[in-house]
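Engineer:
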Amino acid sequence: MNAYLMYKDNDFIVDDNIPENIKFAMKDLELAVLFHALSDGDDFLYSVVRKACSVLLSGIPDIEYRQAILRDCLYNEDVIRTFYNVVVECLQMEKEKLHYGVFGHYPSAVLHQSLSFTQFLMIYLQKIKIIAQENIHHVESPGMVRLFSMLIQELNDDYMSTIERHLKQMTFKKGVLISARLGQGNQGKDYVLRRPNPPQKGWFRRLWTKRPAHYTVQLAARDENGFRALSDLKDEGLVLIANAMAQSTAHLLNFLKSLRAELGFYISCLNLAQALNKRNIPLCFPVPIYQRERHHVFEALFDPCLALTSDREIVSNTLRTDNKNTFIITGANQGGKSTFLRSIGLAQIMMQTGMFVSAECYSADLCRQIFTHYKCEEDSHMVSGKLDEELRRMSDIVDALQRDDLVLFNESFSATNSREGAEIIRGVVTALAESNVKLFFVTHTAEFACSFYQEDRQDTVYLCAERRDDGERTYKIAEGMPLDISYGEDLYRDVFDASPRIPEYGRGFRALTFSESRFTGKNGGIAKFIFNTH
Numbered sequence: 001m002n003a004y005l006m007y008k009d010n011d012f013i014v015d016d017n018i019p020e021n022i023k024f025a026m027k028d029l030e031l032a033v034l035f036h037a038l039s040d041g042d043d044f045l046y047s048v049v050r051k052a053c054s055v056l057l058s059g060i061p062d063i064e065y066r067q068a069i070l071r072d073c074l075y076n077e078d079v080i081r082t083f084y085n086v087v088v089e090c091l092q093m094e095k096e097k098l099h100y101g102v103f104g105h106y107p108s109a110v111l112h113q114s115l116s117f118t119q120f121l122m123i124y125l126q127k128i129k130i131i132a133q134e135n136i137h138h139v140e141s142p143g144m145v146r147l148f149s150m151l152i153q154e155l156n157d158d159y160m161s162t163i164e165r166h167l168k169q170m171t172f173k174k175g176v177l178i179s180a181r182l183g184q185g186n187q188g189k190d191y192v193l194r195r196p197n198p199p200q201k202g203w204f205r206r207l208w209t210k211r212p213a214h215y216t217v218q219l220a221a222r223d224e225n226g227f228r229a230l231s232d233l234k235d236e237g238l239v240l241i242a243n244a245m246a247q248s249t250a251h252l253l254n255f256l257k258s259l260r261a262e263l264g265f266y267i268s269c270l271n272l273a274q275a276l277n278k279r280n281i282p283l284c285f286p287v288p289i290y291q292r293e294r295h296h297v298f299e300a301l302f303d304p305c306l307a308l309t310s311d312r313e314i315v316s317n318t319l320r321t322d323n324k325n326t327f328i329i330t331g332a333n334q335g336g337k338s339t340f341l342r343s344i345g346l347a348q349i350m351m352q353t354g355m356f357v358s359a360e361c362y363s364a365d366l367c368r369q370i371f372t373h374y375k376c377e378e379d380s381h382m383v384s385g386k387l388d389e390e391l392r393r394m395s396d397i398v399d400a401l402q403r404d405d406l407v408l409f410n411e412s413f414s415a416t417n418s419r420e421g422a423e424i425i426r427g428v429v430t431a432l433a434e435s436n437v438k439l440f441f442v443t444h445t446a447e448f449a450c451s452f453y454q455e456d457r458q459d460t461v462y463l464c465a466e467r468r469d470d471g472e473r474t475y476k477i478a479e480g481m482p483l484d485i486s487y488g489e490d491l492y493r494d495v496f497d498a499s500p501r502i503p504e505y506g507r508g509f510r511a512l513t514f515s516e517s518r519f520t521g522k523n524g525g526i527a528k529f530i531f532n533t534h
């Protein structure tokens, strides 16, 4: 039996194998906040959603498959939570009911433990079957209908009664019947457990029927060696059936563990929906578009992480673009640019994980992988500077990049002066755009944004953080030409309540020359940048 709630024909494996680019995205996009809301304090659910979000779905049918199951879960929340709790309760008893310990190499002990736990499992399998029978007409998704139908069919009354009959027989209350052959030195070999002949019907027939010839050896009450030899003979005959019973128990356990993991993903989504509903954040199922069809349309898109951590009113954003590959975002400091960028990244991950998105409506083209390149703090080990570290990370990203990937930049290459930073950004953006890599770039480097705007590229959209005349930030991001000022004096005035005196920067710095060379990286990389100081 297979759950197949995450994939149509594959199991969902929860492990710690997380791609390097997703590790950076988790940090830059603050995915831990989202994971905590999804898991609601459950460590197992945290590992489930962490793994699910690290493997992005690249096919529209796969995304729609999960979305349909999630709809069923949202419409039947109490049923799904009860279903999940039954599975969890059963698995929590595994350590109490199934422990071979030091006797794990004795077939009789293995058989006894397997029988005991399987009898316990039968109670919970019966509960699961009843849930499926009572609710199969309340679900519509192919995945959930298939699961409930399979449970009803596989756990039918005939099957359950047959299992109970076999379990009762394997208690061997009347002893075991074993056949063997004599080997070298008259030692037994080829031990086989035999089924006893069924008792004859009718007491009169049993009374007058002659019993088959047999020999009996009685052991003395304190004959420890004799009892040990008899136990060894019994174990020889029980080896095959003990192994088969242990494998059968393991099969049932593996199914329940798989069911717990895959149901756990949807339970996590229910937890997140509850948390966001408390904040009155709208939720919608996104419409995915095939790769290479550049499309990004959304209305009232919220940053779910901000909504989960802030008590203040959250501002949403709206965007409608087609056939656009590059998004340059500029504007006032602390105007909502980073929050907007994070909402874009989170929405893309949530969509390609099969989840809902925190927006009134959302539609975007699929990406193969998502990469983030955010500015970082100084190297605490003093091995390299910020610019060196940024260039090194950019080189690693380039090695892994392929067509139709998505890259999110947040104030990248701001560790040098404006002129040189503009040249670096221009080289990066141009190379990625020519290689059909979709990118969002938040920058304060006005020299780059303004000069790039003058080129009038048809595949580029310019977004700007709104600022009112009195300096107030609306935290809205709208289309508009890039500004050559980030209004840092507003922040200065708020802090010091005085007119700012802008210091002169750049004195004493070494000149930085920039050269660019195109190349093909390890995985179809796009460009590599070489920097020299003098």
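Heads up, the sequence shown is in UniProt numbering, so the first residue is 1 and it goes up one at a time. For every residue, glycine included, the Cβ atom is placed at its ideal position computed from N, Cα and C. Remember, it's a predicted structure, so these values are computed and weren't measured experimentally.
#1: Across which residues does DSSP place aspartate 322 in a beta bridge pair?
#2: Output needed for aspartate 15: all residues of its chain with C-beta closer than 7 Å, excluding positions within five of it in sequence on either side, in chain order.
#3: Do glycine 345 and leucine 29 come within 8 Å of each other at the CB atom, strictly closer than that value?
#4: Applying the criterion that 16 or more other CB atoms from any shown protein chain within 10 Å of the CB defines a buried residue, is tyrosine 75 buried or exposed?
#5: I need the straight-line Cα distance from tyrosine 106 to leucine 253, nearest angstrom please.
#6: Within 10 angstroms of its Cβ, does leucine 240 collect 16 or more other Cβ (buried), or is it exposed?
#7: Suppose contacts are defined by Cβ-Cβ distances below 8 Å. Is serine 363 in contact with phenylalanine 302 by that definition?
#8: Helix, strand or coil for lysine 375, going by three-state DSSP, please let me know.
#9: Please report the distance separating the alpha-carbon of leucine 91 from that of aspartate 72.
#10: On the CB-based measure, 16 or more other CB atoms within 10 Å of its CB, does arginine 473 come out buried or exposed?
#11: Among Asp405, Ile131, Tyr453 and Ala415, which has the Cα closest to the Cα of serine 435?
#12: Buried or exposed: glutamate 423, going by 16 or more other Cβ atoms within 10 Å of its Cβ?
#13: Would you call the CB atoms of leucine 45 and serine 39 closer than 8 Å?
#14: Quick check: what's the CA-CA separation for asparagine 325 versus methionine 351?
#15: Identify whether tyrosine 106 lies in helix, strand or coil by the three-state DSSP scheme.
#16: Assuming asparagine 317 contacts phenylalanine 285 under a Cβ cut-off of 8 Å, what Cβ separation, rounded to an integer in Å, is found between them?
#17: Can the beta-carbon of glycine 143 be found closer than 8 Å to that of leucine 5?
#18: So, is arginine 518 buried or exposed, given that buried needs 16 or more other C-beta atoms within 10 angstroms?
#19: Could you check how far apart the C-beta atoms of valine 437 and valine 407 are, in whole angstroms? I think they sit under 8 Å.
#20: With H, G and I counted as helix, E and B as strand and the rest as coil, what does DSSP make of serine 414?
#21: Let me know the secondary structure DSSP gives serine 248 once reduced to three states.
#22: Leucine 458 to asparagine 323, Cα distance in whole Å?
#23: Which same chain residues, not among the five before or five after glycine 508, have their C-beta less than 6 Å away from its C-beta?
#24: Which of helix, strand or coil does DSSP assign to aspartate 190?
#25: So what's tyrosine 73 in DSSP terms, helix, strand or just coil?
#26: Quick check on this structure: which residue in Glu77, Ser108, Lys168 and Glu164 has the alpha carbon closest to the alpha carbon of valine 139?
#27: If we call anything under 8 Å between Cβ atoms a contact, is serine 54 one with isoleucine 22?
#28: Could you give the residue range of the alpha helix (DSSP H) that holds arginine 342?
#29: What are the boundary residues of the alpha helix (DSSP H) that proline 304 is part of?
#30: With a cut-off of 8 Å on the beta carbons, I'd call phenylalanine 261 and valine 49 a contact; round off their distance for me.
#31: Suppose the cutoff is 6 Å on Cβ atoms and the five residues either side in sequence are ignored; what does the same chain contact list for aspartate 9 look like?
#32: With distance defined between alpha-carbon atoms, name the residue in Ile63, Cys376, Pro61 and Arg165 nearest to alanine 415.
#33: In the DSSP output, which residue or residues are listed as bridge partners for aspartate 365?
#34: Go through its chain and collect everything with a Cβ distance to isoleucine 526's Cβ below 7 Å, but skip five positions before and after it.
#35: Would you mind stating whether isoleucine 329 and leucine 151 have Cβ atoms separated by less than 8 Å?
#36: Spatial neighbours of serine 114 within its chain, please: C-beta separation below 8 Å, excluding the five flanking residues on both sides.
Structural biologist: Concretely, from the data shown:
#1: His295
#2: Lys51
#3: yes
#4: exposed
#5: 21 Å
#6: The residue is exposed, with fewer than 16 neighbouring Cβ atoms inside 10 Å.
#7: Cβ atoms of serine 363 and phenylalanine 302: not closer than 8 Å.
#8: coil
#9: 24 Å
#10: Burial call: buried.
#11: Asp405
#12: buried
#13: yes
#14: 19 Å
#15: coil
#16: That belief does not hold up - the Cβ atoms of asparagine 317 and phenylalanine 285 are roughly 19 Å apart, past 8 Å.
#17: yes
#18: The predicted position of arginine 518 is uncertain, since its pLDDT is 41 and thus under 50; a value taken from the coordinates is nonetheless stated next. By the neighbour-count rule (16 or more Cβ atoms within 10 Å), arginine 518 is not buried but exposed.
#19: Cβ atoms of valine 437 and valine 407 come within 8 Å of each other, at about 6 Å.
#20: coil
#21: Here serine 248 sits in helix by DSSP.
#22: Note that residue 458 is glutamine in the sequence shown, not leucine. Glutamine 458 and asparagine 323: Cα-Cα distance of roughly 9 Å.
#23: Only weak support exists for where glycine 508 lies, its pLDDT of 38 falling under 50; the coordinates are left without a value.
#24: Looking at aspartate 190 - three-state DSSP - the assignment turns out to be strand.
#25: Tyrosine is not the amino acid found at residue 73; the sequence shown has cysteine there. In this structure, cysteine 73 counts as helix in the three-state DSSP scheme.
#26: Glu77
#27: yes
#28: 337 to 351
#29: 304 to 309
#30: Per the sequence shown, residue 261 should be read as alanine rather than phenylalanine. Rounded, the Cβ-Cβ distance is 11 Å, inconsistent with contact.
#31: none
#32: Cys376
#33: Ile289
#34: With a pLDDT of 46 at isoleucine 526, under the threshold of 50, the modelled position of that residue is not reliable, and no figure is offered here.
#35: No, the Cβ-Cβ distance between isoleucine 329 and leucine 151 is not below 8 Å.
#36: Leu98, Ala242, Met245, Ala246, Ser248 and Thr249
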